[in-house]
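Visitor: Got a structure for you, questions after.
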Amino acid sequence: MISVSDIKVVFGKGTPLQKQALNGVSLTIEEGQFVTVIGSNGAGKSTLLGVLAGDVIATEGQVKIGTTDVTRQGTAARAGRVARVFQDPLTGSCGALSIEENLALAARRGERRGLASALGPQRRALFRERIAELNLGLENRMRDRMDLLSGGQRQAVSLVMATLAGSDVLLLDEHTAALDPGMAEFIMTLTQKIVSERKLTTLMVTHSMRQALDYGHRTVMLHGGEIVLDVAGDSRKTLQVEDLIAMFRKMRGQTLDDDALLIG
Amino acid sequence: MSLIAFWGAVELGLVYAFVAIGVYLAFRVLDFPDLTVDGSFPLGAAVAAVLIIAGVNPWIAAAVAMVAGAIAGLVTAMLNVRFRILNLLASILTMIALFSVNLRVMGKPNVALINADTMISPFFGHGLRDFYVRPLFVGILVIVAVVVVWRFLESDAGLSMRATGANARMARAQGVDTNRQIYLGIALSNALVALGGALFAQTNGFADVTSGVGTIVVGLAAVIIGETLFGARGILIALIGCVLGSILYRIAIQLALSSDVLGLQASDLNFVTALLVTVALVLPRLRRGGAA
Ligand SMILES: Nc1ncnc2c1ncn2[C@@H]1O[C@H](COP(=O)(O)OP(=O)(O)OP(=O)(O)O)[C@@H](O)[C@H]1O
Ligand SMILES: [Mg+2]
Chain F
2 MISVSDIKVV FGKGTPLQKQ ALNGVSLTIE EGQFVTVIGS NGAGKSTLLG VLAGDVIATE
62 GQVKIGTTDV TRQGTAARAG RVARVFQDPL TGSCGALSIE ENLALAARRG ERRGLASALG
122 PQRRALFRER IAELNLGLEN RMRDRMDLLS GGQRQAVSLV MATLAGSDVL LLDEHTAALD
182 PGMAEFIMTL TQKIVSERKL TTLMVTHSMR QALDYGHRTV MLHGGEIVLD VAGDSRKTLQ
242 VEDLIAMFRK MRGQTLDDDA LLIG
Chain D
-15 MSLIAFWGAV ELGLVYAFVA IGVYLAFRVL DFPDLTVDGS FPLGAAVAAV LIIAGVNPWI
45 AAAVAMVAGA IAGLVTAMLN VRFRILNLLA SILTMIALFS VNLRVMGKPN VALINADTMI
105 SPFFGHGLRD FYVRPLFVGI LVIVAVVVVW RFLESDAGLS MRATGANARM ARAQGVDTNR
165 QIYLGIALSN ALVALGGALF AQTNGFADVT SGVGTIVVGL AAVIIGETLF GARGILIALI
225 GCVLGSILYR IAIQLALSSD VLGLQASDLN FVTALLVTVA LVLPRLRRGG AA
């Protein structure tokens, strides 16, 4: 379970560029729930995921993963609880290391790392098996450098990496945004498979309204650092893509109105 | 080039192989341009020389020299990590400070080690001529260092250090404390460089405060020559490249200085080194440009 209560995040406090990215967000996500997160550019989606991952330390509020208060913990300290796949395929893996070295690194996420060889025969076999499941033929390229792979291949490997070690939450920030439509669909199917097989508590940010409604159990819309929509169950089943787009329009209209007021 | 001059060059190359491996750790593995080595090399030489003269076992003296080097590295890492000073500048500050420290350690600019018992002296006089014994002895130590560093970099702990240099954000997301990796890596790097200094003092019979000038460039030259010759093919090859690069560099310098045609003097060494490194840096780029 994850619970975020009354989170406020202010960037550049006290400078002319001060920006309130999250303005009192509260969210409780049950064990095994798959939540899709939508919202316009700058709505605060990545910031929310950053608060959960530890990249962003909240200015106010509390973050709990399971029963542990992680509000003040840095990224590395809570990595054992948090698995993630980034939007940019280059961010989530090490281009200079081989595929199997990246996997070895991820297999010990959040654990102590000793002086034993990172790639024994047993681990090699396990990694090969997990990569073979992708059906991308990458199992024959385990010693290739990661930066020789295409963006889609890297994201697929990143997803495997995210599930090698246990975690309490999986964070996906527009992880298909950089991919062609075919590859994006492949990665989404893979995501769905992994999340349901392992019953992972998941937050997925997406700009695709289709994805937001088709996948997961619950959809949250952020706007201006606040949650403006939170639907699950039957009310979500009846929701259409058009409804979400209409909501987007309305939200944008509001900001325009606000701006007009300010200028006027 | 005479036989003695040749083996002298090999020996010096092997001593500086420790510097090359240290520079490889800092520059290539951690992506941390660390100039501390110009100070930690003579620091290692000074500490070892002073202790040996004081009657300390030379192996222990070398171990203490490594610890001193590691501490110098920790200072640089702290300036960078804790006080957020740019890495290059942090290392320059430590390097400058070390010149004073080294003078304090030795009490004078130059300490002679002639007639003192060194790590190598037990191996002299067993039939092999001295100018073979020295490179053989240092070479064995280099092999040990290469194997240790290689196994480390391919361990779980070593992977987190490599990830820190290659993609710090990813490393943190995997639970790696990247700051700690910088402390560890720069300390290890400078410990190796200081060991090189300790061996330099013992093979050459003296420690000199000025012997550190340009160490970084020599180390980089070795790393780059190794990379040019072997390309990027894994850790072990890269480390062997550092060692061979260091030896080849010394032989090239020796050839350049001993050739009458060029008419170079020992004082031209720095110029030749800078030229060599520049060529080694530019060559791969020219080749790539030609292929494109
Ligand atoms: N490190 C930072 N420093 C200053 N401002 C920031 C920082 N990170 C984000 N912001 C600001 O906070 C707001 C929310 O950003 P965030 O990245 O969370 O948006 P988002 O919903 O992920 O948008 P997008 O859909 O474009 O990815 C934006 O106005 C952004 O400019
Ligand atoms: Mg974002």
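In order, the protein sequence lines correspond to chains F and D. Going by our numbering, the first residue of the first sequence is number 2, and it counts up by one from there. Going by our numbering, the first residue of the second sequence is number -15, and it counts up by one from there. For each residue, glycine too, the CB sits at the ideal point set by N, CA and C. Nothing here was measured: the structure is a model prediction, and the numbers come from that model.
#1: Applying the criterion that 16 or more other CB atoms from any shown protein chain within 10 Å of the CB defines a buried residue, is I246 (chain F) buried or exposed?
#2: Taking a cut of 8 Å between CB atoms, which residues from the segment 132 to 147 of chain D lie near chain F?
#3: Would you report the Cα separation of G265 (chain F) and G254 (chain F), rounded to the nearest angstrom?
#4: According to DSSP, is G274 (chain D) part of a helix, a strand, or is it coil?
#5: Do S4 (chain F) and R82 (chain F) come within 7 Å of each other at the CB atom, strictly closer than that value?
#6: Nearest-angstrom Cα distance between R144 (chain F) and V266 (chain D)?
#7: Answer with buried or exposed for K14 (chain F), where buried requires no fewer than 16 other C-beta atoms within 10 angstroms of its C-beta.
#8: Find the residues of chain D that neighbour R250 (chain F), judging by a C-beta separation of less than 9 Å, and give them in chain order.
#9: Please confirm whether S118 (chain F) has its beta-carbon closer than 7 Å to some beta-carbon of chain D.
#10: Consult DSSP for F190 (chain D) and reduce its assignment to one of helix, strand or coil.
#11: Using DSSP bridges, identify the partner residues of N254 (chain D).
#12: What does the alpha-carbon distance come out to for the pair V229 (chain F) and S27 (chain F)?
#13: What are the start and end residues of each continuous alpha helix (DSSP H) run of 4 or more residues lying completely inside the segment 14 to 82 of chain F, in chain order?
#14: At the level of alpha carbons, what is the spacing between L116 (chain F) and A30 (chain D)?
#15: Using a beta-carbon distance cut-off of less than 9 Å, what residues from the segment 56 to 84 of chain F approach chain D?
#16: Assuming contact is defined by CB atoms lying nearer than 7 Å, are T202 (chain F) and V170 (chain F) in contact in what I supplied?
#17: Between A105 (chain F) and chain D, is there a C-beta pair that is closer than 7 Å?
#18: Can you tell me which of the three DSSP states M103 (chain D) falls into?
#19: Could you work out which residues of chain F lie near Q158 (chain D), taking near to mean beta carbons separated by less than 7 Å?
#20: With burial defined as no fewer than 16 other Cβ atoms inside 10 Å of the residue's Cβ, what is the status of P93 (chain D): buried or exposed?
#21: Counting only Cβ-Cβ distances shorter than 9 Å, please list the residues of the segment 155 to 174 of chain F near chain D, keeping chain order.
#22: Flag K251 (chain F) as yes when its Cβ comes closer than 6 Å to any non-hydrogen atom of ligand 2, and as no otherwise.
#23: Residue range of the beta strand (DSSP E) that S6 (chain F) falls in?
#24: Can you give the Cα-Cα distance for V201 (chain D) and P42 (chain D), rounded to whole angstroms?
#25: Looking only at C-alpha atoms, which of F:T72, F:R237, F:F128 and F:A59 sits nearest to R219 (chain F)?
#26: Apply the 10 Å Cβ neighbour rule to D18 (chain D) and answer buried if 16 or more other Cβ atoms are within range, or exposed otherwise.
#27: On the three-state DSSP scale, how would you describe A1 (chain D)?
#28: So is G183 (chain F) in contact with chain D if we call contact Cβ pairs under 7 Å?
#29: How should A277 (chain D) be labelled, buried or exposed, when 16 other C-beta atoms within 10 angstroms of its C-beta is the threshold for buried?
#30: Sort F:L172, F:L204 and F:Y216 by Cα distance to T190 (chain F) and report the nearest one.
#31: How big is the Cα-Cα spacing for T29 (chain F) and L127 (chain F)?
#32: Between the alpha carbons of M248 (chain F) and S118 (chain F), how many angstroms are there, rounded?
#33: Within the structure, which residues are defined as neighbours of ligand 1 by a Cβ-heavy atom distance below 5 Å, reported in chain order?
#34: Might you give, ordered along the chain, the residues of its own chain that have their beta carbon closer than 7 Å to the beta carbon of L(-13) (chain D), omitting 5 neighbours on each side?
#35: Considering Cα atoms alone, identify which of D:L27, D:L58, D:A171 and D:I76 is closest to A45 (chain D).
#36: With DSSP run on the structure shown, which of helix, strand or coil describes E175 (chain F)?
Guide: According to the structure data:
#1: exposed
#2: Those residues of the segment 132 to 147 of chain D that come within reach of chain F (Cβ to Cβ, closer than 8 Å) are R135, F136, E138, S139, D140, A141, G142, L143, S144, R146 and A147.
#3: Any reading at G265 (chain F) must be qualified, since the residue scores a pLDDT of 39, below 50, and its modelled position is unreliable; no value is offered.
#4: Note that G274 (chain D) scores 49 on pLDDT, short of 50, meaning its location in the model is unreliable; the coordinates nonetheless yield the value given after this. Three-state DSSP puts G274 (chain D) in a helix.
#5: Not in contact: R82 (chain F) and S4 (chain F) (Cβ atoms no closer than 7 Å).
#6: 29 Å
#7: Here K14 (chain F) is exposed. Its C-beta has fewer than 16 other C-beta atoms within 10 Å.
#8: Chain D residues near R250 (chain F): none, gap ~35 Å exceeds 9 Å.
#9: Under the Cβ criterion of 7 Å, S118 (chain F) is counted among the residues facing chain D.
#10: Residue state, collapsed to three classes: strand.
#11: Residue pairing for N254 (chain D): DSSP places it in no beta bridge.
#12: 11 Å
#13: 46 to 54
#14: 32 Å
#15: D56, G75, T76, A77, A78, R79, A80, G81, V83 and A84
#16: yes
#17: yes
#18: Looking at M103 (chain D) - three-state DSSP - the assignment turns out to be coil, as it is neither helix nor strand.
#19: A80, L106, A107 and R110
#20: exposed
#21: M162 and A166
#22: no
#23: I3 to F12 is the extent of the beta strand (DSSP E) around S6 (chain F).
#24: Going by the C-alpha atoms only, they are around 28 Å apart.
#25: F:R237
#26: buried
#27: helix
#28: no
#29: For chain D, the structure presents residues -15 to 276; residue 277 (chain D) sits outside this window and is missing.
#30: Closest option to T190 (chain F), Cα to Cα, is F:Y216.
#31: 35 Å
#32: 54 Å
#33: F:F12, F:K20, F:A22, F:N42, F:G43, F:A44, F:G45, F:K46, F:S47 and F:T48
#34: none
#35: D:L27
#36: coil
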